[in-house]
Structures are given as structure tokens and as C-alpha cells.
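For the sequence shown, the working numbering gives the first residue as -13, with consecutive numbering after it.
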Amino acid sequence: MYVGTATVRSGTFLIGTTAVNTLLLLLLLPPPLIPPGLIILRLPLSRHLLFLTIQHNMTGAYHVLPTDDIESDDKHSQPRPSHSRFSRTVVVLLAIILVETAAFATHVLYSRKPTSSATKLYSPAQDVVEDIVQFYAGGFGDDKTSFQIPSSPALDDAWDDLYQHGISRIPKSVAAQIPNMTSPIPGDPGFYIAELDVYHELHCLNTIRKALDPVYYPEWDTTKVQYARDHISHCIEWIRSSIMCHSDISVVVCVPLFDAEAEIMLIESFSWQWDAQANYTVPRTNVPHMCRNFDAIQKWARANSLEGDFDFTVHVEDDLEVY
-13 MYVGTATVRS GTFLIGTTAV NTLLLLLLLP PPLIPPGLII LRLPLSRHLL
37 FLTIQHNMTG AYHVLPTDDI ESDDKHSQPR PSHSRFSRTV VVLLAIILVE
87 TAAFATHVLY SRKPTSSATK LYSPAQDVVE DIVQFYAGGF GDDKTSFQIP
137 SSPALDDAWD DLYQHGISRI PKSVAAQIPN MTSPIPGDPG FYIAELDVYH
187 ELHCLNTIRK ALDPVYYPEW DTTKVQYARD HISHCIEWIR SSIMCHSDIS
237 VVVCVPLFDA EAEIMLIESF SWQWDAQANY TVPRTNVPHM CRNFDAIQKW
287 ARANSLEGDF DFTVHVEDDL EVY
């Protein structure tokens, strides 16, 4: 916004405001409050610009400023108002400028489209989400977890326990708030089937694990079973999408760790840490990550677990509307 100054003899205001609103206000002002001098409104100069030209003469007379649109005439001369009245009028005009500018800025600010970060998709478990700091196991040598033991019933049980309550039973009022419509549960009026995606991802990861050991899990032998190939392809793509979607920006610092016997690189990164005692650069993977508390989500899943099987062969007429 550009505002000029009004001198004793003449001055020009260039007001960055809404021309129509200011014009209406000036037309409504009583004669004593009209600025000293003839106000010439040149409209439209631009979408939000209004020129006010004010002339004040020391002789006590007011003269029409010549323009292409307004003809000069001596009958327009008026008695000279006081300087205080002129000052009050300038204050009024400046107040108009500030109000209009604030209104325009507010309009621009709140008319902007919300960014993607402001868009939140509803989840029935969103109220139990809790952020915590956790450290991952390195997964090599002695730094392994119970999920890295050889294929066995014990390992299967450990994995199954992660997502055995993954299929949820939610009431209609909750089902109406999720982004996509879901199906009612046959024989259970008023309740609908749902699954938090974390459990689908764990199922997919477990399936990939089985495919890596086709001797123990022949049904997941991708070299022989077409369904296994298709399912594994789906799971890899889904997990890839999820990793990129969540994009963990925790900082990993480690060294390239080479297995001389296997002649392969176990860890690759671009950061290193020096161990003064070992006199050697050693790997460091036990770095902090900002995580969601999985235990809290598991607690919600168990409380809302669908008991029994879902009959996919039964269609239930439904009036659910997603809003």
C-alpha cells in the first residue's frame, strides 16, 4: 500500500483499498467532513487502487482540479474550513485505509487453499495415538530380536501375535467418518468391518519373510506358485509406498560394515563415528526415532477386535452415508 502526504498547498493520496467502499463512505459524509479541496475520484485505475487528489490554497479558496472527466467551474468554490477540520478528515481517511487493508489481508489469508499438512484423514484409533522415542535393534551379530530366529512355530506365533487383532468391529457412527465406505458385518446390526493399515503392512511383511524361506513355507515359493508371486509383488509395493508416505527423517549414523567371509556389504551409509578405545570407526545404528506407541494401538485393536469370521459371501443392504 502506498500513501502520499498532504501538504498545506496540495497533496495526493494513493490509497490501496477497495475503491467502491471508500467512494460510498465519502458520499455519505456530511459536508463539514468532506476533505478541504475537491476530491477527484478516478475509477477504475486498477482493481484495488483509488486516487484521491486534494488541493488546499492559502488564499482560503478551493478550486476544481482540471481533469478529462470533470469540468472546472467557479461555482464550486466554497468557504475555507479550519485546519483542524482538515486534520480530522485526514485521520478519517487513514482509518478507512487501515480498516480496508486489514479486511483485504484477512480475506486473502483465509481464502487460501489449505495445505496438505492441514488435511487430516479420520481414523477410529486417532485418539489413542501417542508419540514416543524408540531405538531400533541393529539386526546384526548380538543385536538381534526375537523376530530374527530361524523359521519355526515359535516365530510364526510371534509374527501372528502382532496382527491377530488387526480386523476391527466399529459402530455405524464411526464408520460414517472414515474416508471410504466399508461393509456392515453380517449378523451384527449396526457394526462394520475395518482394519488399521499398520496390521495390513505387518501381514505383508510377514508374507515376504515366508517367501524368503520357501523350503519351510512351500506355499510361498515364488518360483513355483503364481499366487505367491502376485501377493509378494503387491506386498513389496505396498510397503514401499508406506515407507515413502511416512518418510522417517530420523538421522542414522553408521559405517559401511563389510563381511569378509560373505564378501558383501552389510550396512551402507554416509556417516561414521570414531571409537577412541577400539581405535577404529565403528557402526552406530542405535539412534533415536520418533515413533507412535504401538502398544497403545494394540490395546485399541484388541478392544475393538472382530471376533469370529467375516462372511464375505453375504451382502447386507445398508444405508450408511460417509460424510
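By construction, the Cβ of each residue, glycine as well, lies at the ideal position given by its N, Cα and C atoms.
These numbers come from a predicted model, not from an experiment.
For a quick check, are the C-beta atoms of residue i and residue j less than 8 Å apart?
i: residue 187; j: residue 154; result: no
i: residue 276; j: residue 117; result: yes
i: residue 114; j: residue 286; result: yes
i: residue 310; j: residue 145; result: The requested residue 310 does not occur in the structure, where the chain is confined to residues -13 to 309.
i: residue 161; j: residue 306; result: yes
i: residue 236; j: residue 273; result: yes
i: residue 290; j: residue 156; result: yes
i: residue 330; j: residue 281; result: The chain is shown only over -13 to 309; residue 330 falls outside these bounds and no answer can be derived.
i: residue 300; j: residue 271; result: no
i: residue 278; j: residue 151; result: no
i: residue 229; j: residue 111; result: no
DSSP three-state call for residue i: helix, strand or coil?
i: residue 185; result: helix
i: residue 129; result: coil
i: residue 298; result: coil
i: residue 151; result: coil
i: residue 120; result: strand
i: residue 291; result: strand
i: residue 213; result: helix
i: residue 204; result: helix
i: residue 197; result: helix
i: residue 162; result: coil
i: residue 218; result: helix
i: residue 262; result: coil
i: residue 274; result: strand
i: residue 82; result: helix
i: residue 89; result: helix
i: residue 305; result: coil
i: residue 180; result: strand
i: residue 156; result: strand
i: residue 110; result: coil
i: residue 175; result: coil
i: residue 170; result: strand
i: residue 281; result: helix
i: residue 229; result: helix
i: residue 139; result: helix
i: residue 237; result: coil
i: residue 115; result: coil
Evaluate residue i with the Cβ neighbour count: other Cβ atoms within 10 Å of its Cβ, from every protein chain shown; 16 or more gives buried, anything less gives exposed.
i: residue 265; result: exposed
i: residue 80; result: exposed
i: residue 218; result: buried
i: residue 141; result: buried
i: residue 86; result: buried
i: residue 123; result: exposed
i: residue 357; result: A question about residue 357 goes unanswered here, because the residues of the chain that appear run from -13 up to 309.
i: residue 149; result: buried
i: residue 213; result: exposed
Quick one: what's got a C-beta closer than 6 Å to residue i's C-beta in the same chain, skipping five residues either side?
i: residue 163; result: 108
i: residue 158; result: 176
i: residue 206; result: 196, 197 and 214
i: residue 135; result: 141
Using C-beta distances below 8 Å, list every residue in its chain close to residue i, excluding the 5 sequence neighbours before and after it, in chain order.
i: residue 292; result: 153, 154, 155, 171 and 179
i: residue 121; result: 272, 273, 274 and 275
i: residue 191; result: 221 and 225
i: residue 209; result: 200
i: residue 303; result: none
Can you list, in chain order, the residues of its chain with a C-beta nearer than 7 Å to that of residue i? Leave out the 5 residues immediately preceding and following it.
i: residue 194; result: 218, 221 and 222
i: residue 138; result: none
Cβ pair count under 8 Å reaching 3, the region 166 to 173 against the region 192 to 211: no
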